[in-house]
DNA sequence: TGTTAGTGTGACAAATTCATGACAAAAATT
DNA sequence: AATTTTTGTCATGAATTTGTCACACTAACA
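Here you go:
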């Protein structure tokens, strides 16, 4: 869960503090004293997150943000704006160019870390195309097949995506809304209860290899894929 | 929304002024003339916020802040640093140890109250998704699991939220009303005594791992989660 | 020692939440 | 065009959770 975080801040003391914080939070800081340096550094490493000072000498934060957001390669990188108290920060314009959040100086390390964490978490749980194995169940996204204990498991399209998502995010409880978001996608015209039905169908299909209770109900919360039975 | 505010300030006149302000703002001041006294007082009551003078005789403010922030019990308490004008306040180091804000003397009552209010508001949603551990009990919001001494503890939705809240705000006494607010949320059509019943259910569930008396009754006040048995 | 306000506890009915089978519309396949 | 598969919803019943009560118990105080 470690991430590269680009820190664009002209004041060395503040930058030092930010870097310290980031390190302590288990991430890796990349330092830039100006927007120009930042752009240079990004040719080497594309960061997972950018902490960007609103006011910078030369090209200011807003300009840099706009530039990054207009480039396909970098436009998905989340940005957290840093603003000094009293400094006039135009929240609307900041958000307009795609800043994901902003923090007012002076900030507490706790607050900053919370924001960083929140933004990083917001990155959608990714479903890669790599084969996944979990507790004797093997799912291969490319061949679109699922095998459990030498037995081929037949799944409908939705059940397949559902299982794929569960296996990519095991042990974690997902609410019905989250599942609709991640598995169904845009079509949010679907009732929550529909998830239940598909869960049942998936469980039913998995029962051929005895993996039926891999998917557990967490009452009042949602569903979870886990090996533990309680 | 009344809060206990610990005032650590060696100059009696300033302290008096601060206390007066705090009272007028509807909060309850607890006074300490030194860092040592402050630590003593905190054994009785864990404050919701600390106003801390940067310069103190003996252990200075920075040291005290660092000490508090390194203790799991107190590290979530927000701190506002008080600094005299001209006095050299190392902003970076202050923030480094986790001060949430700072105020320069002389300050106007209005400014101080505004800061206090802001800080208290900021800590409002204090229940994160991070796993919490307390005295051998481990609660993980993402997996929705509670484990105590290798044993899985089965909780209903409300009990889970209740425990989550207690673990996020340990060592602090919560009245029934507060619990209804924080754990039940909107549905305030619930009797105070209902809390008692849920506390009992929670205790009962926790007894599986011997953590039953982690939740203590404070007669006439409410409940508290604490490792101490008194 | 009694009195009393504040808590613990078991029981219970109402409310909520889930699992499941059925079914028709929509999509995909033949 | 006919057939098969997949999908979303619903109704129903089972299982769990929840809020209250009545009553037992405790600690504090006169």
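Chains as they are written, first to last, in the numbering used here: chain C, 27 to 256; chain L, 27 to 256. Each residue gets a CB set at the ideal place from its N, CA and C atoms; glycine is no exception.
Suppose you measure from the CA of residue i to the CA of residue j; what does that come to, to the nearest Å?
i                      : j                      : result
residue 118 of chain C : residue 195 of chain C : Residue placement at residue 118 of chain C cannot be trusted, given a pLDDT of 49 that sits under 50; what the coordinates show is reported in the next sentence. Approximately 35 Å between the Cα atoms of the pair.
residue 108 of chain C : residue 37 of chain C  : 12 Å
residue 60 of chain L  : residue 82 of chain L  : 7 Å
residue 150 of chain L : residue 163 of chain C : Below a pLDDT of 50, predicted positions are generally treated as unreliable, and residue 150 of chain L, at 49, falls in that range; no measurement from the model is reported.
residue 219 of chain L : residue 146 of chain L : 28 Å
residue 230 of chain L : residue 73 of chain L  : 30 Å
residue 32 of chain L  : residue 56 of chain L  : 5 Å
residue 87 of chain C  : residue 64 of chain C  : 11 Å
residue 66 of chain L  : residue 136 of chain L : 30 Å
residue 139 of chain L : residue 35 of chain L  : 17 Å
residue 30 of chain L  : residue 52 of chain L  : 10 Å
residue 304 of chain C : residue 100 of chain C : The structure shown does not extend to residue 304 of chain C, since chain C spans only 27 to 256, so no value can be given for it.
residue 97 of chain C  : residue 58 of chain L  : 56 Å
residue 68 of chain L  : residue 245 of chain L : 20 Å
residue 166 of chain L : residue 187 of chain L : 11 Å
residue 89 of chain L  : residue 103 of chain L : 15 Å
residue 226 of chain L : residue 238 of chain C : 34 Å
residue 224 of chain L : residue 223 of chain C : 32 Å
residue 46 of chain L  : residue 54 of chain L  : 10 Å
residue 232 of chain C : residue 143 of chain L : 54 Å
residue 141 of chain L : residue 130 of chain L : 12 Å
residue 71 of chain C  : residue 110 of chain L : 44 Å
On a CA-only basis, which of the options is nearest residue i? Give me that one, please.
i                      : options                       : result
residue 247 of chain L : L:220, L:232, L:200 and L:238 : L:200
residue 236 of chain L : L:173, L:218 and L:202        : L:173
residue 243 of chain C : C:158, C:221 and C:30         : C:221
residue 91 of chain L  : L:41, L:128 and L:239         : L:128
residue 206 of chain C : C:245, C:217 and C:67         : C:217
residue 157 of chain C : C:88, C:253, C:189 and C:94   : C:189
residue 254 of chain C : C:197, C:232 and C:227        : C:197
residue 250 of chain L : L:202, L:234 and L:210        : L:202
residue 132 of chain L : L:175, L:232 and L:79         : L:79
residue 192 of chain L : L:66, L:160 and L:94          : L:160
residue 170 of chain L : C:183, C:252 and C:209        : C:252
residue 234 of chain L : L:215, L:223, L:175 and L:224 : L:175
residue 93 of chain C  : C:70, C:62 and C:71           : C:62
residue 204 of chain C : L:168, L:208 and L:215        : L:168
residue 208 of chain C : C:183, C:153 and C:215        : C:153
Residue i and residue j look like a contact to me (Cβ under 8 Å); what is the Cβ gap, rounded to whole Å?
i                      : j                      : result
residue 76 of chain C  : residue 48 of chain C  : Their Cβ separation, rounded to whole angstroms, is 12 Å, which puts residue 76 of chain C and residue 48 of chain C out of contact at 8 Å.
residue 185 of chain L : residue 240 of chain L : Contact flag wrong, Cβ pair sits at about 13 Å.
Give me the subset of the segment 223–244 of chain C whose CB atoms are less than 8 Å from a CB atom of chain L, sorted by chain position.
Taking 8 Å as the Cβ-Cβ cut-off against chain L, the residues of the segment 223–244 of chain C that qualify are 244.
Is it a yes or a no for the segment 175–195 of chain C touching the segment 38–58 of chain L, going by three-plus beta-carbon pairs under 8 Å?
Counting Cβ pairs under 8 Å, fewer than three are found: no touch.
According to a CB-to-CB cut-off of less than 7 Å, which residues of the segment 192–206 of chain C neighbour chain L?
Residues of the segment 192–206 of chain C with a C-beta atom less than 7 Å from some C-beta of chain L are 197, 198 and 199, listed in chain order.
Identify each residue in the segment 157–182 of chain C for which the Cβ-Cβ distance to at least one residue of chain L is less than 7 Å, and report them in chain order.
Under the 7 Å Cβ criterion, the segment 157–182 of chain C contributes no residue.
Return the residues of the segment 244–255 of chain C that lie within a Cβ-Cβ distance of less than 9 Å from chain L, sorted by chain order.
Of all residues in the segment 244–255 of chain C, those with a C-beta nearer than 9 Å to a C-beta of chain L are 244, 245, 246, 247, 248, 250, 252 and 254, reading in chain order.
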